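Q:
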Amino acid sequence: MKALCWHGHGDVRVDNVPDPTLQEPTDVIIKITASGICGSDVHLMDGYMPTMQSGDVLGHEPMGIVVEVGSAVKKLKKGDRVVVPFTISCGNCFFCKKQLFSCCDTTNPNAKIAEKAMGHSPAGLFGFSHMLGGYPGGQAEYLRVPHADVGPIVIESDLPDEKVLFLSDIFPTGYMAAENADIE
216 MKALCWHGHG
226 DVRVDNVPDP
236 TLQEPTDVII
246 KITASGICGS
256 DVHLMDGYMP
266 TMQSGDVLGH
276 EPMGIVVEVG
286 SAVKKLKKGD
296 RVVVPFTISC
306 GNCFFCKKQL
316 FSCCDTTNPN
326 AKIAEKAMGH
336 SPAGLFGFSH
346 MLGGYPGGQA
356 EYLRVPHADV
366 GPIVIESDLP
376 DEKVLFLSDI
386 FPTGYMAAEN
396 ADIE
């Protein structure tokens, strides 16, 4: 498949990379129909995010159609149209049970590195460095979504991509900022 890959400071290219496959029974594969570009992507381009590796697939604001479903996935089915959030959350840890999904302590295999750099241990994130899990991102033709019963939001077929894509990161980030600042 084709994917937008990071190759160094200011160097991104469309490369041919292997299609993702189901790795766990809780995974789904989606065919990307749209993917946003965020200001955070500029941090990657400018080299401000440590632990990027040449060939990493970028993109953390994707949506698409479920094309393959792991045997343990209960909430999604083949053909569902979904928006995929930035964070990868297990749904079962202490933080997920409190709906603090961005703090999930099971989805970032490099949590200790992140904690040293950031002062806390965040969840794994799509397309945003190995410090945050090393998960391939959604600026690609297909995306593997781990723990698929937790994050993806099923979208009705009559809503165009451009009306719902921002549910992946931009809208919730702004909403939480306003909520945390008690803006009314």
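For the sequence shown, position 70 matches number 285 in the working numbering, and the numbering has no gaps at all.
Don't be surprised by glycine CBs; every beta carbon is placed ideally from N, CA and C.
If you're wondering where the values come from, they're calculated on a predicted model, not measured in any experiment.
Expressed to the nearest angstrom, what Euclidean distance is found between the alpha-carbon atoms of D320 and K327?
A: 11 Å
Q: According to the neighbour-count rule (16 or more other Cβ atoms, all chains shown, within 10 Å of its Cβ), is G225 buried or exposed?
A: exposed
Q: With DSSP run on the structure shown, which of helix, strand or coil describes T321?
A: coil
Q: Per DSSP, what are the beta-bridge partners of Y263 in this structure?
A: None; Y263 has no bridge partner.
Q: Pull up the distance between the alpha-carbon of V294 and that of V282, whole angstroms please.
A: In the sequence under discussion, the amino acid at residue 294 is Gly, which differs from the Val named in the question. Each residue's CA atom was taken as its position, placing G294 and V282 some 6 Å apart.
Q: Given that a residue counts as buried once 16 or more other Cβ atoms are within 10 Å of its Cβ, and exposed if not, what is S250?
A: buried
Q: Need the endpoints of the beta strand (DSSP E) that V227 sits in, please.
A: D226 to N231
Q: What are the partner residues of D271, as DSSP defines its beta bridges?
A: W221
Q: For S344, name the three-state secondary structure that DSSP assigns.
A: coil
Q: M177 by DSSP, collapsed to three states: which one?
A: What is shown of the chain runs 216 to 399, which leaves residue 177 out entirely.
Q: Rounded to whole angstroms, what's the CA-CA distance from C356 to M264? Just pull it up for me.
A: Looking at the sequence shown, residue 356 is not Cys but Glu. Distance between the alpha carbons of E356 and M264: 24 Å.
Q: Quick one: what's got a C-beta closer than 7 Å to N323's C-beta in the same chain, skipping five residues either side?
A: A329, S336, P337, A338, G339, L347 and G348
Q: Please identify the residue among C308, I244, Q314 and T302 whose C-alpha is closest to the C-alpha of K292.
A: Nearest of C308, I244, Q314 and T302 to K292, Cα basis: I244.
Q: So what's S336 in DSSP terms, helix, strand or just coil?
A: coil
Q: According to the Cβ coordinates, are E276 and S372 closer than 7 Å?
A: no
Q: In the DSSP assignment, the alpha helix (DSSP H) including K312 goes from what residue to what residue?
A: F309 to K312
Q: Check whether the Cβ atoms of S344 and M267 lie closer than 7 Å to each other.
A: yes
Q: Does the distance from the C-beta atom of V298 to that of D364 stay below 7 Å?
A: Contact flag unset, no.
Q: Specify the secondary structure class of A249 as computed by DSSP and reduced to three states.
A: strand
Q: Quick one, which of G279, N231, N325 and S304 has its alpha-carbon nearest L380's?
A: Nearest option by C-alpha distance: G279.
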